[in-house]
Amino acid sequence: MAAVSMTVNGHSVTADIDPRTLLVQFIRDNQRLTGTHVGCDTSQCGACVVHVDGKAVKSCTMLALQCDGANVTTIEGLATGGVLHPMQEAFREHHGLQCGFCTPGMIMSAVDIVNRKGNNLDEHTIREELEGNICRCTGYHNIVKAVEAGAKAMAGSGMKHAAE
Amino acid sequence: MSATGIGASVRRKEDHRFITGAGRYTDDINRPNQAYAYFLRSPHAHATIKTIDTSKASRMPGVLAILTGDDLAADKVGGLICGWMIHSKDGSPMKAGAHPALAQGKVRYVGDHVAVIVADTLAQARDAAEAVAVDYGVLPAVVDTATASKSKTVIHDAAPDNTVFNWHLGNKAETEAAFKAAKHVVKLDIVNNRLAPNPMEPRAAVGFYDKGEDHYTLYTTSQNPHVARLVLSAFIGIAPENKLRVIAPDVGGGFGSKIFIYAEETVCVWASKKVGRPVKWNSDRTEAFLSDAHGRDHVTHAELAIDANGKMLGLRAHTIANLGAYLSTFASSVPTYLYAPLLSGQYNIPAVYAEVDAVYTTTAPVDAYRGAGRPEATFVVERLVEVAARQIGMDPAKFRQMNFVTKFPHQTPVIMMYDAGNYNASMKKALEIADYKGFGKRRRESERRGKLRGIGFSAYIEACGIAPSAAVGSLGAGVGLWESAEVRVNPIGTVEILTGSHSHGQGHETTFAQLVCERLGVSMDAVTIVHGDTDKVQMGMGTYGSRSGAVGMSAISKALDKVIAKGKKVAAYVLEASEKDIDFKDGKFSVKGTDKTLDFGACALQAYIAHKFNGQDLEPGLKEGAFYDPTNFTFPAGVHIAEVEVDPDTGVTEILNWTAVDDFGVVINPMIVEGQVHGGIAQGVGQALLEGVVYDKEGQLVTASYMDYCMPRADNLPSFKVGMTVTACPSNPLGIKGCGEAGAIAAPPAVINAITDAVGHEDVAMPATPKVVWRAAQKALKKMAAE
Amino acid sequence: MYAFTYHRPETVRQAAGLLSRKDDAKLLAGGQTLLPTMKQRLASPGNVVDLGKVAEMKGIERKGRAVVIGAMTTHAEVAGSPVVQEAIPGLAALAGNIGDPHVRNRGTIGGSVANNDPAADYPAACLAMGATIITNKRKIAADDFFQGMFDTALEEGEIITKISFPMPGKAAYMKFPNPASRYALVGVCVAKRGSEVRVAVTGAGASGVFRWAEAEAALAKRFSSKSLEGVKAKAAGLNADIHADAEYRAHLIGVMARRAVDAAVGK
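Chains as they are written, first to last, in this note's numbering: chain F, 8 to 171; chain P, 4 to 790; chain Z, 305 to 571.
Have a look at this one:
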């Protein structure tokens, strides 16, 4: 067992864990934050995307121990004070989800895209930047619309880096 | 139209929990003291099991039990079933081999279930699985669909030539006569590629047994928890229905693959009693590729007969359908009654005849996947039609239009009675949206850039709203395909709708509530949809075959009628008027010709306090149930047009434009319906361009992860142009036809028709990956150079 | 994943010590290949040495006519580095196309080069640009470093600390991604430095990244995609799988090489 400390959604957490615990397992099983999902074994689907120190990562491809001292934000930490993040609102408004399973990873990736690429995103950029997130339900049409709208809304709300 | 009623794009009620990470999927459910199951799977496609030695593994840390097929047999747990009986041409019943949940003496595909290891942690279970010693007697694999029946290797003793059935439909003699009279005969050989459904949520199960109550509970990723309970109770024999609760909570997509009752949930719930602890299993993606039922996998020779004027005279097809190693829950219905009855397409074809040989192979079971049989039929019809138009030199749109069915009802030669449609309307609208007239100019522009541009049509029809019970019963179904609903009005006028449909992405919590708002005049917030729990909803048949609107909502509609009728009786007492003078509109009961009204909520309260009427004359309360059995299938239809550009240097196909014009009858929520169309198209494009399950000669699954199985990603697809036409469905009270499968049915032939148009010949197989299209383009370039 | 003991050194020296002292020890850089491999139980190191806190292995600097990149620098950092963008734009572009955004935020240049996956992108850049792989023990020329599929010149206990890329006059990388995995089905990097032209091909070769001599000779005469017309890569020795047979891969090498040259000359 090994000790790990990190900040998850603003809360300091410390635990004694098996070194082979993946970050996603730590989040889901240890922290009981089940909004982060696992959809594949090969780091491709993106259902597990969270932010570590402000950057989007696949939490299935990181050891929890690698996050010692890090600041982790999951989908549960995106809304602040009960107010939805503009990207969450945009996914609902534009029907950017169906079964909801890929959605947390999709939204976390989308916020990261805005953090990196700004608030005015064209369709081509959004589609390319979503390479690491697979959705089987929506055909991406409405996800693309949601990301575009959410990016604009983030500028308006002054929440560009709200995920961090 | 009200803001929340029928026809409004109401934002989804269910979304809040999904966008905040508060959804509750099966893997999110943890029971105190739960143990974990890991399935030891066959590494061989085909082998006898000589011995299974668990002695070392059993002693490993954390191991609670290692169970095998022998343990299942000792407990008299029955095998998995196939619920649709198909008879061969000669009248003999299909030849089904046994399908034990854990192998008994033999394994028949890579991933077949050899044993389950239950341990304190998943890692311990997996560690122990590696210590189980299995002595296999390896047998030859049988992989190829086309030649499986000729193999000397027998997979099931019950099916000596690996053939499950030789089935047919239609009139052979009339069809042969039509071909004799034909001026043109178009022939095609088609492989409909095998697909892995890949809902993003892998399958999962948590089973637990309550000793005090002698009662089981199973959480499972199911599209139809009641069917699961029925099968687990009545056929597999886990426990009687009153001792087994099945819950399908939030389910992350299904696409058919979560209809079926699989080995894993069966074993988890059974094992929970054996180990005395809750047992959890969660599939990883590789397990999903290995053991979720696959879809499609047909090899077909098809022909279309046309007269000198371009009129279709007859269609015939011979199909070999690969059903895999065992018959999955509805496997036999897919290449038969969900397939051949659609071979008339949208066309007036006087004679149709289809023969289907279903074969066993040493591959994962094949069953319904989005569209189920109908995409295969549509691919046959729409490829034949496109090629025919090219061969006789007619415009493909015009050729279709001159053969469209225009009078309804229309009886096809293959069972179906099309009840309503306007195929020309969809075609006209699609041509306009796609700017078909401007295509030539766009093609020349592509040529200037060294690219090959093509356009392809697909005028599909599907039979949905599955299905009239008596009709499917006569065709071999083991169950009826009605749906149930219960409307519980609470004393202050809030409403709970209990439905046997199951939502796993379709948005029923919103769409069904819209119907209630429309009919009862209550707010969206006042309505809750309850589904997915056999303890809450008495019985239901679940969600597949685009049936939840046409059948599920019709049941709700029927129950709402009863609620309104009862409400009128209550209102009559309260308003001191005759029941026949009571009207109900916009949430208010009123007395004709007066200004006396009673709000729906107030009426509900009166129904429960029962002060204003005699409880003997009128029962207190406001709760009604209904079972709705459809009178016919429904027939959504439409036209999709794909426009593609091929890079002849690399073989990369880019979809530039996609036009979809669908007639789904009455649409409750256009936003949700369009979303279904988008997702369906993506899966259809996936089949046409990207996806294909590949087994090697030894029966090893080559495409066992996303490293090799190509899922459509955002950059593979364009935004879609979606239009609609509406002819109301006359066969159900709401006029709904269904929309869930349309895109997946329509898309594959549109893509292949477009690529073959671009390269100028028909030799393009699915999936049309860059490798395939590059070869096709080289052939085209050589041809062009020679000309 | 099998059980292992986790170590987190803070210097290269400590890391090297752990690597040589501990049985069956494996370095964990970005983990984007190692962790999936371990999850599938295809690798089972008894000791994992996480380089994440070794500060001296991070960073990008311009040293004269070379760009030196710390081994633990992520793909995203290389792609976004103004230094790399200015000095070797083709390298920044290559890094910006590795995997997906999440992989680029974790995966490192050192991890990629040390792993020498036959479908990885960086080995092609190292080989074409004539990079020098700097370890805790020595400097290795790229030509000597890549020795076959997943095989490199690295010895026991040796750790890549930096990679130095001499600035090419012109360079670009073109990738034809595997449709499923998005790794390179064929990736071609061309680099021109002075009169020397080097062409490195990844994804295609059965023994990993290799140089394409015929193309180099043709381009040395005239650095234009036209020079490559008629120059055909041989299919023999190339990979064949469900996504591409050897003949198609050979064809794609030509196409990607021409497109890389066009990109390098700014076409």
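Note that CB positions come from ideal geometry on N, CA and C, so glycine has one too. Only a predicted model underlies this, so the values are computations on that prediction, with no experimental measurement involved.
- Going by beta carbons, residue 334 of chain P and residue 369 of chain P fall inside the 8 Å limit.
- Put simply, the CB of residue 405 of chain Z is far from chain P, with every gap to its CB atoms at 8 Å or more.
- Listed as beta-bridge partners of residue 120 of chain P by DSSP are P:41 and P:69.
- Distance from the Cα of residue 401 of chain P is smallest, within the candidate group P:461, P:345 and P:456, for P:461.
- With respect to the C-alpha of residue 629 of chain P, the residue from P:568, P:90 and P:558 having the closest C-alpha is P:558.
- Taking the C-beta atoms as reference points, residue 145 of chain P is found no nearer than 8 Å to residue 136 of chain P.
- Residue 16 of chain P sits buried, since 16 or more C-beta atoms from the chains shown fall within 10 Å of its C-beta.
- Restricting attention to beta strand (DSSP E) runs no shorter than 3 residues, the stretch 316 to 354 of chain Z encloses them at 329 to 332 and 351 to 354, ordered along the chain.
- Contacts with chain F at 8 Å (Cβ-Cβ) include residue 336 of chain Z.
- Residue 31 of chain F and residue 45 of chain F have their C-alpha atoms spaced approximately 8 Å apart.
- Contact of residue 310 of chain Z with chain F is assigned, a C-beta pair being separated by under 8 Å.
- In the structure shown, residue 33 of chain P adopts coil according to DSSP, grouped into three states.
- The stretch 78 to 129 of chain P contains, as complete beta strand (DSSP E) runs of 3+ residues, the segments 116 to 122 (chain order).
- Within 8 Å of the CB of residue 289 of chain P, the CB atoms of chain F belong to 48, in sequence order along the chain.
- When secondary structure is reduced to three states using DSSP, residue 273 of chain P falls in the helix class.
- Shown here, residue 284 of chain P sits in a strand according to DSSP, grouped into three states.
- By the 16-neighbour rule on beta-carbons within 10 angstroms, residue 786 of chain P is exposed.
- Below the 8 Å Cβ cutoff, chain Z contributes 480, 556 and 559 as neighbours of residue 653 of chain P, in chain order.
- For residue 110 of chain P, the closest C-alpha among the options P:215, P:365, P:241 and P:550 is that of P:365.
- Within the DSSP bridge table, the entry for residue 660 of chain P names P:646 as partners.
- Nothing from the stretch 420 to 438 of chain Z brings a Cβ to less than 8 Å from some Cβ of chain P.
- Counting along the chain, the unbroken alpha helix (DSSP H) around residue 393 of chain P starts and ends at 377 to 395.
- The bridge partners DSSP lists for residue 727 of chain P are P:665.
- Around the beta-carbon of residue 90 of chain F, fewer than 16 other beta-carbon atoms lie within 10 Å, marking it exposed.
- Here DSSP, grouped into helix, strand and coil, assigns residue 485 of chain P to coil.
- Setting aside the 5 residues that flank it on each side, residue 41 of chain F is surrounded in the same chain by 35, each with a C-beta closer than 6 Å to its C-beta; the list follows chain order.
- Judged by beta-carbon spacing, residue 466 of chain P lies beyond the 8 Å limit of residue 172 of chain P, meaning their Cβ atoms are not closer than that value.
- Your pair residue 308 of chain P and residue 185 of chain P checks out as a contact, with CB atoms roughly 4 Å apart and the cut at 8 Å.
- For residue 428 of chain Z and residue 454 of chain Z, the gap between their C-alpha atoms comes out near 14 Å.
- Taking the Cα positions, residue 495 of chain P is about 32 Å away from residue 107 of chain F.
- By the C-beta density criterion, residue 66 of chain F is buried, having at least 16 other C-beta atoms within 10 angstroms.
- Sequence-distant Cβ neighbours of residue 577 of chain P in its own chain, meaning closer than 6 Å and more than five residues away, are 601, 609 and 615.
- In its chain, beyond the 5 residues on either side, 468 have a beta carbon closer than 8 Å to the beta carbon of residue 367 of chain Z.
- Contacts with chain F at 8 Å (Cβ-Cβ) include residue 339 of chain Z.
- Below 8 Å, enough C-beta pairs join the stretch 490 to 509 of chain P and the stretch 224 to 233 of chain P to call them touching: three or more.
- Spanning the alpha carbons of residue 59 of chain P and residue 476 of chain P requires a straight line of approximately 50 Å.
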